[in-house]
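Residue 52 in full-length UniProt numbering sits at position 52 of the sequence shown; the count goes up by one each step and never skips.
Read through the structure below, which is laid out as structure tokens, and then see the notes.
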Amino acid sequence: MPSSVAPILITGGAQRIGLHCALRLLESGQSVIVSYRSEREGLAELRERGATTLAADFASEAGILDFIARLKDHTDSLRAIVHNASDWETETTGHEAEVFQRMVSVHMLAPYLINLHCEALLRRSSPADIVHIGDDVTRTGSAKRPAYCASKAGLDSLTLSFAARFAPAIKVNGIAPALIQFNPDDSAEYRAKRLAESAVGIEPGAEVIYQSLRYLLDNPYVTGTTLTVNGGRHLV
1 MPSSVAPILI TGGAQRIGLH CALRLLESGQ SVIVSYRSER EGLAELRERG ATTLAADFAS
61 EAGILDFIAR LKDHTDSLRA IVHNASDWET ETTGHEAEVF QRMVSVHMLA PYLINLHCEA
121 LLRRSSPADI VHIGDDVTRT GSAKRPAYCA SKAGLDSLTL SFAARFAPAI KVNGIAPALI
181 QFNPDDSAEY RAKRLAESAV GIEPGAEVIY QSLRYLLDNP YVTGTTLTVN GGRHLV
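Shown next as structure tokens:
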């Protein structure tokens, strides 16, 4: 992928998939801006490699707008926005509305406002892209985390709406991962159960998401599409 003077913004880029994609983009010569909610080890490496890192709290409108204002202090153009910031929370009795509102804010309101307020920055780059990182769980729903699932489904809808709104200057697509990588403390039993849920049956690692992102950034004829990256989970 050719590098661009305009940076790529990756939200939630301090760990796991977001961190991997940010580092791979930096390796390719692409400048990167990363948002993060809390200080993590990966941020030191990002800073050493030249990434701009901005703290952000997407749980409220005020936090989102504050981030947008500070982002515009650092750049007047963007090659792409990768909406990777995510929260993973289960509703608890008495706190259902609070959790639902937070999931909607992080997964829908933040991308919605950032896309709207940064449209001019993207239009100063050609090509220009927006990529929403969703979740394969929206295919089936989630009994344990309906608020999370519903907000990610809303993000899929925003992909279609913004693709239509911003065409042809800005391509807008999504990526819907399933199991990508385990956490270090996941038990062997849990790992075996999750691996059996897909046709491919492997833990692919974050590189498969970077490959999907690179495809969307490089292909000039794909917009309004969500790539399913689930190892054939829908076949099992």
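Heads up, the beta-carbon is just placed ideally off N, CA and C, and yes, glycines get one too.
Evaluate contact between the region 116-132 and the region 151-171, counting only Cβ atoms and requiring at least three cross-stretch pairs below 8 Å. Segments in contact, yes.
If you check the beta carbons only, do Val-34 and Gly-13 fall under 8 Å apart? By the CB criterion at 8 Å, Val-34 and Gly-13 fall inside the cutoff.
Expressed to the nearest angstrom, what Euclidean distance is found between the alpha-carbon atoms of Ala-59 and Arg-102? C-alpha separation (whole angstroms): 5 Å.
Buried or exposed (CB count within 10 angstroms, at least 16 for buried), Val-236: Result: exposed.
Out of Asp-73, Ile-64, Leu-65 and Val-104, point me to the one whose CA is closest to Thr-52's CA. When each option's Cα is compared against that of Thr-52, the closest is Asp-73.
If the criterion is Cβ atoms closer than 8 Å, does the pair Ala-206 and Arg-16 meet it? Against a cut-off of 8 Å, the Cβ pair of Arg-16 and Ala-206 comes out as a contact.
Runs of beta strand (DSSP E) lying entirely within the region 54-101, each at least 3 residues, in chain order: Correct list: 80-83.
Starting from the Cα of Leu-19, find the closest Cα among Val-5, Ala-6 and Glu-39 and give me that residue. The shortest C-alpha separation from Leu-19 is found at Glu-39.
Three-way DSSP call (helix, strand, coil) for Tyr-36 in this model: Three-state result, Tyr-36: strand.
Of the residues Phe-100, Thr-92 and Thr-225, which one's Cα is nearest the Cα of Leu-158? Comparing Cα-Cα distances from Leu-158 to each of Phe-100, Thr-92 and Thr-225, the minimum goes to Thr-225.
Contact the region 87-100 vs the region 133-142: 3+ CB pairs below 8 Å: These segments do not touch.
Entirely within the region 96-180 and at least 3 residues each: give me those beta strand (DSSP E) ranges in chain order. The region 96-180 contains these whole beta strand (DSSP E) runs: 129-133 and 171-177.
Taking the continuous beta strand (DSSP E) assigned at Leu-19, which residues delimit it? For Leu-19, no beta strand (DSSP E) encloses it; the enclosing alpha helix (DSSP H) starts and ends at 16-27.
Residues in its own chain within less than 6 Å of residue 263 by CB, not counting five upstream and five downstream? It is not possible to answer for residue 263, since the shown part of the chain is limited to 1 through 236.
Starting from the C-beta of Phe-162, find all residues in its chain whose C-beta is less than 7 Å away, skip the five residues before and the five after it, and write them out in chain order. If the five residues before and after Phe-162 are omitted, its C-beta is found closer than 7 Å to the C-beta atoms of Asn-115, Ile-130 and Val-172, all from its own chain and listed in chain order.
Hey, how far is the Cα of Thr-11 from the Cα of Phe-67? Between Thr-11 and Phe-67, the C-alpha separation is close to 11 Å.
Helix, strand or coil: how does DSSP classify Val-236 here? DSSP, read as helix, strand or coil, puts Val-236 in coil.
Could you give the residue range of the beta strand (DSSP E) that holds Val-208? No beta strand (DSSP E) contains Val-208, which is instead part of the alpha helix (DSSP H) from 207-218.
With a Cβ-Cβ cutoff of 8 Å, do Ile-180 and Ser-212 count as a contact? It is not a contact, given that the beta carbons lie outside the stated cut-off.
For the alpha helix (DSSP H) that Arg-191 lies in, which residues bound it at each end? Looking at the DSSP string, the run of the alpha helix (DSSP H) that includes Arg-191 is 188-195.
Taking Cβ to Cβ, would you say Ala-56 is nearer than 8 Å to Gly-63? Going by C-beta atoms, Ala-56 is nearer than 8 Å to Gly-63.
Cα-Cα separation between residue 240 and Gly-232, rounded to whole angstroms: Outside the displayed span of the chain (1 to 236) sits residue 240, for which this structure offers no information.
Give the single residue among Pro-111, Leu-71 and Ser-105 whose Cα lies nearest to the Cα of His-83. Of Pro-111, Leu-71 and Ser-105, the residue nearest in Cα terms is Pro-111.
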